[in-house]
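Below is one structure, written out as structure tokens; comments come after it.
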Amino acid sequence: MCPKRMAKRAPAMQQLAAPAAGTKLAEFDFKVLSGLNDPKAVAYYTANYVRQRINEFKPTRKRPFVLGLPTGSTPVEVYWHLVDFYKRGEVSFRNVITFSMDEYVGLPRSHPESYCSFMYRHLYDHIDLRPENIHMLDGNADDLAAECQRYENKIKDVGGIELFLGGIGPDGHIAFNEPGSSLESVTRVKTLAYETVLANARFFGGDVNKVPKLALTVGVGTVRAAREVLLIITGAHKAVALAKCIEEGVNHMWTVSVIQLHPSAMVVCDEDATLELHVKTVRYFKSIEQVQEQLIGRQNISLKGSISRLSGYDPGQTYRVAVQQPVADVASDPETTGESEDGTDDYDDEEYPEEEEQDGDQNMTTSSSADMLASSSSEIKGTSQNGSLVSAATAGNPF
Amino acid sequence: MPEISCPITQFYNCRVLKDHKLVEDYLYVQDGKIIDPEKMFWDAKRKPDFRIDCKGGIVSPGYIDVQINGAYGYDFSNDTDIIEEAVSNISKGLLLQGCTAYCPTTVSSRPDVYHKVLKHLGPREGSIENGAAILGAHVEGPFISPQKKGAHELATLRTAKNGLEDFDECYGLDNLRKYVAYVTMAPEVEGVLESIPKLIESTGINISSGHSNATTAEASQAFKNGANMITHLFNAMHAFHQRDPGIIGLLGSSDSSSRPFYGIICDGIHVHPHSVMIAYYAHPQGACLVTDAMSAQCLPDGYYKLGEMDVDVNGGRVYIKDTNTIAGSIITMAECVRNFIKFTGASKVEALENATLHPAQMLGISDKKGSLVHGADADLLILDENLHVQRVFIAGVEATKESVKFSEKM
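So this is what it looks like as structure tokens:
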């Protein structure tokens with residue numbers, strides 16, 4: 001164990017993780033899921049995430065969980081998993097309200113490619129979602145503008161969307177917000193880009209002429225207004241879009257890039273979708289996860305990526321393990337001197353992140369300390385320190 | 001359209017026979033009909049009120065038997081004095097077997113019998129009270145060939161040299177119109193071939209060729225004239241001969257659209273399993289499984305009546321007493337379906353459709369019976385993996401031994 005090295009590392013770690021209490025480690029989470037069946041892993045991860053979010057939210061009739069849902073071939077597998085979870089009794093949609101993202105204009109509802117039909121077939125028919133809690137855009141409404149307005153109002157009425165699931169098109173569109181859509185747009189009628197029409201022809205017997213050219217869609221602004229956005233991106237054909245979305249600036253030609261401005265967004269993608277990203281980018285995001293899991297411990301990360309608590313973080317013992325040894329070294333750092341002394345006292349909110357970093361430093365350099373942390377995890381829970389950490393996390397959590 | 005306020009029942013955990021496939025899906029029933037749940041979901045914001053766990057079973061339309069002479073001791077041609085009692089008990093008994101619709105079949109009889117009996121064999125809805133639905137009578141004979149009379153009584157057979165008049169005199173055209181689903185006749189019998197179009201036009205019945213010595217040419221002509229079915233293929237017709245395959249030859253018609261439906265008795269006695277296979281390979285879309293059951297169906301061995309003949313039931317075989325002429329079967333539809341798979345190696349879907357969709361198509365009622373399309377009658381079976389009937393539903397209501405009481409003839 002070399003205290004010197006640790007001290008040098010510390011600032012670097014700070015930059016990498018730099019977590020303020022209760023915020024995410026990055027502006028948006030970025031999960032790259034690899035494996036043989038990448039899209040399947042993505043679907044499972046996403047479904048599992050939705051399940052946990054709903055369960056953590058504990059929706060009631062008065063406080064329902066409002067979910068925005070897309071259609072498409074990637075989301076469909078998410079729905080199958082959700083149906084599975086429901087059938088196994090692992091999630092209930094009894095108090096979930098859904099809003100669909102978009103709908104073709106003029107396509108009969110009974111048409112198998114209508115989004116009503118799609119959602120019914122793959123999700124609504126199988127779960128305990130109440131029909132009255134389902135909101136779909138009516139592409140056959142007499143007054144389409146009024147229909148869009150109604151939709152926006154409805155979203156406001158239920159208190160906004162808690163979690164918006166979305167996919168993206170190869171041209172970076174989210175919902176039917178084709179390139180050039182205003183980033184402030186709300187629900188409205190859109191003309192589909194030719195590329196989208198071509199891409200969707202496969203659902204209409206390969207006949208481009210049968211594909212509706214107009215659609216109702218929630219706006220980019222509508223998606224932004226959701227309290228959380230989760231994007232599912234799979235396949236090499238969407239790699240350029242993903243790169244544009246997270247490596248370049250916010251741009252209305254790649255409407256999905258707007259998630260950069262979102263305080264709580266997550267991209268779940270497979271390896272193929274990262275093909276156009278810089279190696280550095282991918283590694284960076286992967287390393288965040290590594291840091292989270294190895295240094296902080298998965299059990300301490302809340303679902304949405306914030307550090308919810310430090311369970312297994314024995315103030316006394318950890319203090320010894322994490323602080324005692326490097327104490328001389330750390331003491332030389334004016335920023336952390338006071339903190340080691342405070343270690344046994346009640347922490348207040350501000351101190352929490354520093355503590356967390358220390359923990360990180362320690363792990364970074366000593367493989368054994370990770371074991372120690374793990375071994376102590378079951379011993380210390382619910383101490384007053386721990387309690388204050390939880391509240392710190394909650395207090396700092398913007399959601 | 002069903003009443004929108006009626007409760008909706010969902011069958012789940014099942015594979016539904018739909019579009020020639022077994023699909024893992026739900027089936028929704030409301031007010032005795034199969035409904036489009038999506039419409040109900042979006043328009044009425046309704047979810048199912050009741051759910052029925054099919055335990056992984058197959059949901060099939062109920063079986064349709066278009067040829068059955070009797071069961072449980074009753075015989076449609078013989079029990080003319082207690083015909084209502086016979087119909088009621090047979091209907092209920094068949095329902096519990098999984099046969100949710102049928103055509104009560106009469107053997108060749110004298111005109112007075114038809115005038116007396118047919119009005120009791122007319123179409124009636126299936127229900128717990130009625131038992132299986134009746135699709136109208138199947139009148140077999142008496143315009144059939146004396147050489148191929150089978151177990152029909154020779155004295156009753158006749159010709160139609162006066163055309164439609166003879167049919168009117170024999171059955172009463174009005175009776176045909178109201179009560180009869182289809183009539184079996186021999187195309188070569190004088191007057192029959194020419195009368196077929198007129199008969200169809202004036203009464204709307206279906207015509208089947210059977211109990212006949214017709215050549216392939218005659219049978220083809222009958223088909224062209226409108227006879228769309230063959231009654232119990234291979235039985236009571238001249239055997240396949242390479243230069244004149246007779247009625248059987250219709251299955252080999254080069255134009256597949258001119259191959260008729262055919263009833264086939266899959267008891268392994270009337271028709272050799274290999275013959276079933278040959279017929280099925282020639283024309284799979286035309287196969288209709290029939291029992292041709294007589295009054296001893298579901299009863300122990302012994303002496304019984306078929307029309308006015310005495311028959312001897314012994315170990316699953318039915319002979320005219322003291323002869324070796326077979327005279328109907330005592331098999332059930334469910335056994336026919338299982339036998340069919342055994343004989344031909346056909347898929348479950350194919351076997352089930354032979355007992356459901358094809359007979360309904362033959363009678364032109366596949367939008368209501370024999371299929372699970374939206375709007376069809378909710379006459380359903382839940383079957384296990386080996387196609388044993390587990391549960392039976394008629395017009396959306398479960399039929400059980402407790403809810404459907406019937407008795408055998410004393």
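Residue numbers (UniProt numbering), protein chains in the order written: chain U, 1 to 399; chain Y, 1 to 410.
The beta-carbon is built from N, C-alpha and C at its ideal position, and this holds for glycine as well.
Legend entry - Nearest residue (CA-CA) to U:I232, options U:L163, U:V197, U:R63: Among U:L163, U:V197, U:R63, the Cα nearest to that of U:I232 belongs to U:L163.
Legend entry - Y:Q242 classed as buried or exposed, judged by whether at least 16 other C-beta atoms fall within 10 angstroms: Exposed, because fewer than 16 other Cβ atoms sit within 10 Å of the Cβ of Y:Q242.
Inset, instruction - Could you name the residues of chain Y that U:D125 contacts, counting a contact when the two beta carbons are closer than 8 Å? - result: Within 8 Å of the CB of U:D125, the CB atoms of chain Y belong to Y26, P37, E38, F41, in sequence order along the chain.
Legend entry - Cβ distance (whole Å) where Y:F143 is taken to contact Y:A155 below 8 Å: Wrong, their Cβ atoms sit about 14 Å apart, outside the cutoff.
Legend entry - CB of Y:K401 within 8 Å of CB of Y:L96, strictly: In this structure, Y:K401 sits near Y:L96, with a CB-CB distance shorter than 8 Å.
Inset, instruction - Report all residues from its chain with a CB closer than 8 Å to the CB of Y:I331; omit the five preceding and five following residues, and keep chain order. - result: Once the five neighbours on either side are set aside, the close Cβ partners of Y:I331 are I265, C266, D267, T291, A293, Q297, G316, N339.
Inset, instruction - Could you name the residues of chain Y that U:E147 contacts, counting a contact when the two beta carbons are closer than 7 Å? - result: Those do not exist, as U:E147 stays about 15 Å from chain Y at its closest Cβ, beyond 7 Å.
Legend entry - Simplified DSSP state of Y:P260, which is helix, strand or coil: The answer is coil: DSSP assigns Y:P260 none of H, G, I, E or B.
Legend entry - Span separating the alpha-carbon of Y:I394 from that of Y:Y114: Roughly 29 Å between the two C-alpha positions.
Legend entry - Three-pair Cβ contact test at 8 Å for the stretch 128-138 of chain Y versus the stretch 103-120 of chain Y: The stretch 103-120 of chain Y and the stretch 128-138 of chain Y touch, with three or more beta-carbon pairs separated by less than 8 Å.
Legend entry - Contact set for Y:R158: own chain, Cβ-Cβ below 6 Å, skip 5 residues either direction: Exclusion of the five residues before and after Y:R158 leaves P142 as the residues of its chain whose Cβ lies within less than 6 Å of its Cβ.
Legend entry - Proximal residues of chain U, C-beta to C-beta of Y:R317 below 8 Å: Within chain U, no residue comes near Y:R317; the closest Cβ sits about 49 Å away, beyond 8 Å.
Legend entry - CA nearest to the CA of Y:L352, picked from Y:E335, Y:L363, Y:G364, Y:Y12: The residue among Y:E335, Y:L363, Y:G364, Y:Y12 with its C-alpha nearest the C-alpha of Y:L352 is Y:E335.
Legend entry - Contact the stretch 51-69 of chain U vs the stretch 263-283 of chain U: 3+ CB pairs below 8 Å: The stretch 51-69 of chain U makes no contact with the stretch 263-283 of chain U; the number of CB pairs closer than 8 Å stays below 3.
Legend entry - Proximal chain U residues relative to residue 470 of chain Y, where beta-carbon distance stays under 9 Å: Residue numbering for chain Y in the displayed model covers 1 to 410; residue 470 of chain Y lies beyond these limits and cannot be assessed.
Legend entry - Min CB distance Y:L22 to chain U below 8 Å: False, the Cβ-Cβ gap to chain U never drops below 8 Å.
Legend entry - Neighbourhood of U:L129 by C-beta distance below 7 Å, restricted to the same chain and skipping five residues each side: These residues qualify, in order along the chain: F93, V96, T98.
Inset, instruction - Measure how close the beta-carbons of U:K190 and U:F176 come, nearest whole angstrom, since I'm counting them as under 8 Å. - result: Contact holds; Cβ gap of about 5 Å.
Inset, instruction - Determine, using beta-carbon pairs with one atom in the stretch 122-136 of chain U and one in the stretch 190-201 of chain U, whether at least three such pairs fall under 8 Å. - result: No, the stretch 122-136 of chain U does not touch the stretch 190-201 of chain U.
Inset, instruction - Could you check the C-alpha separation between Y:L17 and Y:P359 for me, to the nearest Å? - result: Cα to Cα, the separation comes out at about 16 Å.
Inset, instruction - Taking Y:I205 as the reference, give the member of Y:A219, Y:P284, Y:R177 with the closest Cα. - result: Out of Y:A219, Y:P284, Y:R177, Y:R177 has the C-alpha closest to the C-alpha of Y:I205.
Legend entry - For U:V91, the nearest candidate out of U:Q52, U:P108, U:T222, U:V229 (CA to CA): Nearest option by C-alpha distance: U:Q52.
Legend entry - Chain-order list of residues whose beta-carbon lies under 6 Å from that of Y:Q67 (same chain, five-residue window excluded): These residues qualify, in order along the chain: T105, H138, G263, V290, D292.
Legend entry - Cβ shell of Y:H238 (< 6 Å), same chain only, five flanking positions each side left out: If we look at Y:H238 and ignore the five residues flanking it on each side, its Cβ neighbours are N213, G246.
Inset, instruction - Could you tell me the distance, in whole angstroms, from the CA atom of Y:C387 to the CA atom of Y:V337? - result: Checking the displayed sequence, the identity of residue 387 of chain Y turns out to be Leu instead of Cys. For Y:L387 and Y:V337, the gap between their C-alpha atoms comes out near 8 Å.
Inset, instruction - Note down, in chain order, every chain Y residue with its Cβ under 8 Å from the Cβ of U:S117. - result: In chain order: E38.
Legend entry - For Y:S145, the three-state DSSP class (helix, strand or coil): Judged by DSSP in its simplified three-state form, Y:S145 adopts coil rather than helix or strand.
Legend entry - Simplified DSSP state of Y:N235, which is helix, strand or coil: It is coil, neither helix nor strand.
Legend entry - Cutoff 8 Å: U:Y86 Cβ touching any chain Y Cβ: Not one chain Y Cβ lies under 8 Å of U:Y86.
Inset, instruction - Use the C-beta contact count for Y:Y303: other C-beta atoms within 10 angstroms, 16 or more gives buried, fewer gives exposed. - result: Result: exposed.
Inset, instruction - Starting from U:R150, find everything on chain Y with Cβ-Cβ shorter than 9 Å and list it in chain order. - result: Neighbours of U:R150 on chain Y: none; closest Cβ ~16 Å, over 9 Å.
Inset, instruction - Please determine if the stretch 222-240 of chain U and the stretch 71-82 of chain U are in contact, where contact requires at least 3 C-beta pairs separated by less than 8 Å. - result: Contact between the stretch 222-240 of chain U and the stretch 71-82 of chain U is present, because at least three Cβ pairs lie under 8 Å.
Inset, instruction - Establish whether the CB of U:R109 and some CB of chain Y are separated by less than 8 Å. - result: For U:R109, at least one C-beta of chain Y is nearer than 8 Å to its own C-beta.
Inset, instruction - Measure the alpha-carbon distance for U:T318 versus U:E271 and round it to whole angstroms. - result: Confidence at U:T318 is low in this model, with a pLDDT of 37, below 50, so the placement of that residue is unreliable and no value is reported for it.
Legend entry - Of the listed residues Y:K224, Y:G163, Y:F223, Y:V189, nearest to Y:K198 (C-alpha basis): Ranking the options by Cα distance to Y:K198, first place goes to Y:G163.
Legend entry - Cβ neighbours of U:C148 in the same chain (closer than 8 Å, five flanking residues each side left out): Once the five neighbours on either side are set aside, the close Cβ partners of U:C148 are L137, V186, T187, R188, V189, L216.
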